[in-house]
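Have a look at the structure below, then the notes.
There are 2 protein chains.
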Amino acid sequence: MSENFQKLLNKVYEIHDINKALGVLSWDKETNMPKAGTKARIQQMTTLRRLSHSMFTSDKMGELIENAASKLHDAPYESNEASLIRLLRRNYKEARLLPAEFVQRISEISGKAHPAWVEARENNDFAHFKPHLEEVVKLVQEMAELYGYEDEKYDPLLDQFEHGMKTAEVRAIFDATKAALIPLRQAIAERGAAVDDSLVHQPFPIGQQKKFAHYIADAVGYDFARGHLGTVVHPFATSFSRNDARITTRWYPDFLNPSLFGTLHESGHAMYEQGTHPDLARTPLARGTSSGIHESQSRLIENVVGRSLGFWQAHYPKLQSLFPEQLGNHDVTAFYRAINKVQPSFIRVEADELTYNFHIILRFELEQAMLNGDLRVTDLPTAWNDKMDELVGVVPPTDSQGCLQDVHWTRPGFGYFPTYALGNLYAAQFYETAVSQNPTIAEEMAQGKTQALVNWLRENIHQHGRKFTPSELVQKATGRPLTHEPFIRYVTQKFSQIYEL
Amino acid sequence: MSENFQKLLNKVYEIHDINKALGVLSWDKETNMPKAGTKARIQQMTTLRRLSHSMFTSDKMGELIENAASKLHDAPYESNEASLIRLLRRNYKEARLLPAEFVQRISEISGKAHPAWVEARENNDFAHFKPHLEEVVKLVQEMAELYGYEDEKYDPLLDQFEHGMKTAEVRAIFDATKAALIPLRQAIAERGAAVDDSLVHQPFPIGQQKKFAHYIADAVGYDFARGHLGTVVHPFATSFSRNDARITTRWYPDFLNPSLFGTLHESGHAMYEQGTHPDLARTPLARGTSSGIHESQSRLIENVVGRSLGFWQAHYPKLQSLFPEQLGNHDVTAFYRAINKVQPSFIRVEADELTYNFHIILRFELEQAMLNGDLRVTDLPTAWNDKMDELVGVVPPTDSQGCLQDVHWTRPGFGYFPTYALGNLYAAQFYETAVSQNPTIAEEMAQGKTQALVNWLRENIHQHGRKFTPSELVQKATGRPLTHEPFIRYVTQKFSQIYEL
């Protein structure tokens, strides 16, 4: 390794350490910190963030990158060194595109928008949030111009979360998904057999839920020796190194799904981080490559694995033994059907595996309309309800259950929502490929085991960290670009069986 | 406030935020982090420590301090501004007295000494630790020279933990303490009534211990709305702001004292931090002024409050209700006597309120002897055992239970041990003064309440943070310098009654 590269690495390590320290402060804030500690914690985090940002955006950093790059002519594209230079160049360029004044303005506008949104949602008062959302829309419009774009204004926003993917590409995939899913959703509603999910809505003592969460995360392949399960209000996964990748969940006293599928979901995220190659440690390569690919790992574990019949044939007896009164009289088929009930509903985070995607497509379309000036914020509630009717087939009775339900638009984070649905599509394509390449995966899955599957993910996804863009990774792992087809095959087969279509 | 002072404050805030972030990383390391995360966490902490150290010891920092000081002619001694300048000047000067090479050497020598000590203690093999302790002794000798001193070589080491206090002063106080305590210890052994403490050595389910720990910490005045109780191997208290001051404890399944008195002890520490004045926030003034004064707060809550009869007359019924099988047949007097049993023993951290001080005086004398070259490390085991015989009246059968028991000498931290006993003496003097100034304190204490006492501590100790040196604070709060007399009065009265002398 050249001396120039080592110099670059030393600075990269330093910035990485500060960013990971920020992660620990954030984790602690959500898990253990008393509310009273908020003000001081925000100050501490702001200081670390400013330090990290000023180090990374300095002229000196640019020189370090270019000096190291200049000695790297022969490094292959997929080498760690060349990949790091690519990523740093991109991040550096982008970080310097947003003026400090603009970043400051984001922080101020978001800081005011958040409490206004909380209040508006609480009181079902869209008018109260409206001026703040207008400010946020202006911010994303300005941000798009600052980043610049060739085709669509939404491109540079999407690019922040799904690097290299174009709006037009997502639109084509989502349109095809929509065209296939609407008839399936309608068929289930009109001709499908009834599914009773009352068995997951019973009192489930939290101590027992915790025991099962540990059991089931371990069962899917989350490594507790390199992790930790914490309790929070809004679950997330986070990692401070591949050897310390944590999950969180919440516990409802009378509803089993949130802790169960929340734990599986976050386990999928954390397993991605646990699986990054050790050689990438302490660099920005040591994490999942994009929001969509990250979501594919969580959805794969939560849904493809965690909502499959074979999985529960193996693990349901354990669940029954922890909740004999609640589940003793329900067999595994009843449980499998209950956790796969399709039920058009108003709230995205409560949506089932099938209708969830409609909630995302709706947001993807509305974000573009607002960004492009085709939809005024004042008309958002009506547009929202119209799209709900078209896509999900139900119309929320209040804005709180409609366009006020998500926290996301209190920040200029347009472009993030689509990655949730992309995650589902990536997951199906990865799984289909994995099974076709290694039949053991399907055999193990029928017995509730995931070792072969996790090995495939480690090999084809996890270890690479951020070395490749999402589309490079999908091409490499599955031999073709992302399409909606594997997902449609997967849901059609699964729900046709469950609903006896 | 002058512009110069504001500039100084901005830099002080920044460094403070980094130091508190370090504290969070350390807390998380001890409470939640999987062991596998150690390497990355040490890297993160090293980076933050280096950043903070290089900011604070920079020439620029010196200028900021002096520029701010130059505009501060008229600020009274006890003003926050003048106090901050005093503290920063001292810390700045001291931080620059140790060359980077020396600091690096400390880290290397300690890094090797710690595992060697663990092994030596495990195998009762002093010879294995000896060369490392010799290195540590050389380090403290060198450190004393780097800091410089007028009277005794031990002075600058002690000064790190108890600023302004001289070795000769501590020696005089300890000698007087020793002279008074040895006869008392002997009288208890020879003529005292028997005390049975088997009732605290029973199985105590940990879930119930946790409930009581929360109850009792709240009862003494620890504010859970601005705190948190965590589980660790080696208990400590730490604070990230006055609004986030945490305690930790450990749980023994068949011994009640560690969780109970550990919780009270750490609550006393954390209450000090919770009580610092809000105006000191984000500066190095916002913490306890010295190790000894800090220990006075923990000992006051643990012993003066937490081992008093009135306290348990109020709270024992609650404890009994949580452990009816274990404690239902023992009355409060039996419990009070059990938790106050005096029993000469080998291990400092298990020692009772009376003999504990001998363990400290022993270490204080041996540290000086090693530092001054009067005691070779090779002769430490013999010297240790001789002093144990003289002071505690028992001789440990092994070095593991003797001179190898403490972790402290794996680091060049000579001067810290005496602050443990000073804490006991300060505590007694504070308490005697508080009760004499406000009789309500004693009335409340007889009913297990601490509100008036905590108010006195807030007013006279906590709020000042680090504005005053220990001796200034003692003089201010009690009207005289520290003496051994209140402590001797306190233990003599208490144990004469318990042991019917």
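In order, the protein sequence lines correspond to chains A and B. Mapping of the first sequence onto our numbering: position 77 corresponds to residue 77, and the numbering continues sequentially without gaps. Count along the second sequence from 1, then add 1000; that gives the number in our numbering. Quick reminder that beta carbons are idealized off the backbone N, C-alpha and C, glycines included.
Could you round the C-beta distance between residue i and residue j to whole angstroms and report it? I think they count as a contact, below 8 Å.
i: B/L1425; j: B/K1387; result: Actually they are not in contact, since the Cβ atoms of B/L1425 and B/K1387 sit about 20 Å apart, beyond 8 Å.
i: B/G1227; j: B/A1270; result: 6 Å
i: A/L285; j: A/L84; result: 6 Å
i: A/R337; j: A/V195; result: 5 Å
i: B/F1174; j: B/F1364; result: 6 Å
i: A/P439; j: A/G393; result: With 8 Å as the limit, A/P439 and A/G393 do not qualify as a contact, their Cβ atoms being about 38 Å apart.
i: A/D244; j: B/M1033; result: 6 Å
i: A/A168; j: A/D151; result: 7 Å
i: A/Q437; j: A/E444; result: Going by Cβ atoms, the distance from A/Q437 to A/E444 rounds to 14 Å, so no, they are not a contact pair.
i: A/V24; j: B/V1024; result: 6 Å
Could you give the first and the last residue of the continuous alpha helix (DSSP H) run that contains residue i?
i: A/I361; result: Y356 to L371
i: B/A1095; result: N1080 to L1097
i: B/T1031; result: E1003 to T1031
i: B/R1458; result: Q1451 to N1460
i: A/Y272; result: N257 to Q274
i: B/F1224; result: From DSSP, B/F1224 is part of no alpha helix (DSSP H); its letter is neither H nor E.
i: B/I1065; result: D1059 to S1070
Keeping to the same chain, check which residues put their C-beta closer than 6 Å to that of residue i; ignore five residues upstream and five downstream.
i: A/G288; result: Y272 and H294
i: B/T1263; result: A1213, A1217 and T1249
i: B/K1011; result: L1064
i: B/L1256; result: V1200 and F1204
i: A/Q313; result: V332
i: B/S1298; result: H1265, G1268 and H1269
i: A/T419; result: F161, E162, S291, G292 and E295
Please list, in chain order, all residues of the same chain as residue i whose beta carbon is under 8 Å from its beta carbon, the five residues on each side excluded.
i: A/T531; result: The displayed coordinates of chain A run from 1 to 501. Any statement about residue 531 of chain A would go beyond what the structure contains.
Provide the residue span of the beta strand (DSSP E) that contains residue i, from first to last.
i: B/S1345; result: No beta strand (DSSP E) holds B/S1345; DSSP gives it neither H nor E.
i: A/T238; result: A237 to S241
i: A/L229; result: L229 to T231
i: A/T289; result: It is not in any beta strand (DSSP E) - A/T289 carries neither H nor E in the DSSP assignment.
i: A/I339; result: Neither: A/I339 is in no beta strand (DSSP E) and is coded neither H nor E.
i: A/I247; result: D244 to T249
Can you list, in chain order, the residues of its chain with a C-beta nearer than 7 Å to that of residue i? Leave out the 5 residues immediately preceding and following it.
i: A/Y431; result: L300 and V304
i: A/I206; result: W251 and P253
i: B/N1372; result: K1153
i: B/F1261; result: E1302 and G1306
i: A/F323; result: F204 and Q208
i: A/V78; result: Note on identity: in this sequence residue 78 of chain A is Glu, with Val being the wrong assignment. These residues qualify, in order along the chain: K467.
i: A/A21; result: L48
i: A/Y490; result: A428
i: A/D197; result: A338 and K341
To the nearest angstrom, report how far apart residue i and residue j are at their CA atoms.
i: A/A187; j: A/L501; result: 7 Å
i: B/I1107; j: B/H1464; result: At residue 1107 of chain B the sequence reads Ser, which differs from the Ile that was named. Using only the alpha carbons, I get a separation of about 33 Å.
i: B/Y1222; j: B/S1267; result: 6 Å
i: A/V407; j: A/K71; result: 45 Å
i: B/G1164; j: A/G292; result: 60 Å
i: A/L375; j: A/L366; result: 8 Å
i: A/R185; j: B/A1219; result: 58 Å
i: B/Q1405; j: B/D1399; result: 8 Å
i: B/A1144; j: A/P76; result: 55 Å
i: B/A1127; j: B/R1282; result: 46 Å
i: B/I1498; j: B/I1441; result: 22 Å
i: B/L1280; j: B/F1468; result: 13 Å
i: B/A1182; j: B/L1391; result: The sequence given here places Ile at residue 1182 of chain B; Ala does not occur at that position. One C-alpha to the other measures close to 7 Å.
i: B/H1157; j: B/S1471; result: The question names His, but residue 1157 of chain B is Leu in the sequence shown. Cα-Cα distance, rounded: 17 Å.
i: B/H1053; j: A/T46; result: 19 Å
i: A/T410; j: B/N1004; result: 38 Å
i: B/I1042; j: A/E14; result: 12 Å
i: B/S1110; j: B/F1414; result: 13 Å
i: B/L1097; j: B/V1170; result: 25 Å
i: B/S1496; j: B/K1341; result: 12 Å
i: A/Y416; j: A/C403; result: 16 Å
i: B/I1461; j: B/Q1447; result: 24 Å
Output the residue ranges of the alpha helix (DSSP H) runs that lie fully inside the stretch 164 to 218 of chain A and measure 4 residues or longer, sorted by chain position. 167 to 191
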